[in-house]
Amino acid sequence: MGTVVVIGKTADWRGFLILVVLGSMPSPKSRAMRFYYGHPRNRFWPVMAEIFKDESCMPAGPNDIDGTGDSRNKGILSGMDSAERRTAALVERRRRFALRHHIALWDVIASCDIVGASDASIRNAKPNDIASIIARSRITHVFATGAKASQLYRRLCQPHLETLGYGPEELPMTQLPSTSPANARTGLPQLVDAYRSIKTTIEHSGKEE
Numbered sequence: 001m002g003t004v005v006v007i008g009k010t011a012d013w014r015g016f017l018i019l020v021v022l023g024s025m026p027s028p029k030s031r032a033m034r035f036y037y038g039h040p041r042n043r044f045w046p047v048m049a050e051i052f053k054d055e056s057c058m059p060a061g062p063n064d065i066d067g068t069g070d071s072r073n074k075g076i077l078s079g080m081d082s083a084e085r086r087t088a089a090l091v092e093r094r095r096r097f098a099l100r101h102h103i104a105l106w107d108v109i110a111s112c113d114i115v116g117a118s119d120a121s122i123r124n125a126k127p128n129d130i131a132s133i134i135a136r137s138r139i140t141h142v143f144a145t146g147a148k149a150s151q152l153y154r155r156l157c158q159p160h161l162e163t164l165g166y167g168p169e170e171l172p173m174t175q176l177p178s179t180s181p182a183n184a185r186t187g188l189p190q191l192v193d194a195y196r197s198i199k200t201t202i203e204h205s206g207k208e209e
């Protein structure tokens, strides 16, 4: 994904964003969904729902026509089948969730060679222009979801950021455990405990509503 899709529908996003959560590269499921952490077994969104006490980022129930809980909206996405409508509505709710909580979602890598969703297989990685987002926003902290994202950020992004005055003190980076199902040794309660630092950072910035 070459765009910061979480802010794609915001006219002026600069005041919204407090931190950026960086993965390495979207999985095939996320790329198909056109949004982040789209694999149904990835625990990122359940963790976010728990720490913010906000279930709007979770999949809708079976009787929810369009993913909003309002069957009057069934005609809005009439060009899609039911599965497509649910996916589109879920993506939109997750965009709004991230904006509401002042979080940007992006990836360290703009393009690479990768086998499936295996971070270990990543080759020929080219970084996204993280610096331009940092320079045009109020982002004060970077979180990396997993060891590979953290490693790539330090190698591909941090040196350029430092030349622009965004060193580790000005723009700290915290490595979080991966929410991927491949990280089976870290359970959901442990992930929630680790990811609470996201909400704490936002609260300390005085922006959380």
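Residues in the sequence shown are numbered from 1 upward in steps of one, following my numbering.
Built from N, CA and C at the ideal position, the CB exists for glycine as well.
Since we're looking at a predicted model, the values are computed, not measured.
Item	Value
heavy atom of the ligand ZN below 6 Å from Ala-49 C-beta	Inclusion of the ligand ZN in the displayed structure is not the case, the ligand content being empty and no account of it being possible.
Per-residue burial, Asp-107 [other beta carbons within 10 Å of its own, 16 or more giving buried]	buried
Option in Pro-172, Val-142, Gln-190, Arg-94 with minimal Cα separation from Glu-179	The identity of residue 179 in the sequence shown is Thr, whereas the question assumes Glu. With distances taken between Cα atoms, Thr-179 lies closest to Gln-190.
Integer-rounded CB distance, given that Val-21 should sit under 8 Å from Thr-163	Not really, about 24 Å apart at Cβ, beyond 8 Å.
Sub-7 Å separation of Ile-18 and Arg-196 beta-carbons	no
Rounded straight-line distance, which links the Cα of Met-48 to that of Gln-158	26 Å
Distance CB(Pro-168)-CB(Ala-194) smaller than 7 Å	no
Cβ shell of His-141 (< 6 Å), same chain only, five flanking positions each side left out	Leu-19, Pro-172, Thr-201
3-residue-minimum beta strand (DSSP E) runs that sit fully inside the segment 130-189, ordered along the chain	141-145, 173-176
Neighbourhood of Ala-125 by C-beta, 7 Å cutoff - its chain only, sequence neighbours within 5 removed	Ile-109, Cys-112, Leu-152, Leu-156
Exposed unless 16 or more other CB atoms sit within 10 angstroms - verdict on Arg-85	buried
Through-space distance from Gly-165 to Arg-96, alpha-carbon basis	31 Å
Beta carbon proximity, Leu-99 to chain B, threshold 7 Å	No chain B is present in this structure, which holds just one protein chain.
Bridge-paired residues (DSSP) for Ala-104	Val-20
Spatially closest choice to Ala-104 from Ala-88, Asn-183, His-160, Ile-134, by CA coordinates	Ile-134
Simplified DSSP assignment, three categories, for Ala-60	coil
7 Å Cβ shell around Pro-127 - same chain, five flanking residues per side excluded	Val-108, Ile-109, Ala-110, Leu-156, Cys-157
Cβ pair His-160, Ala-131 closer than 7 Å	yes
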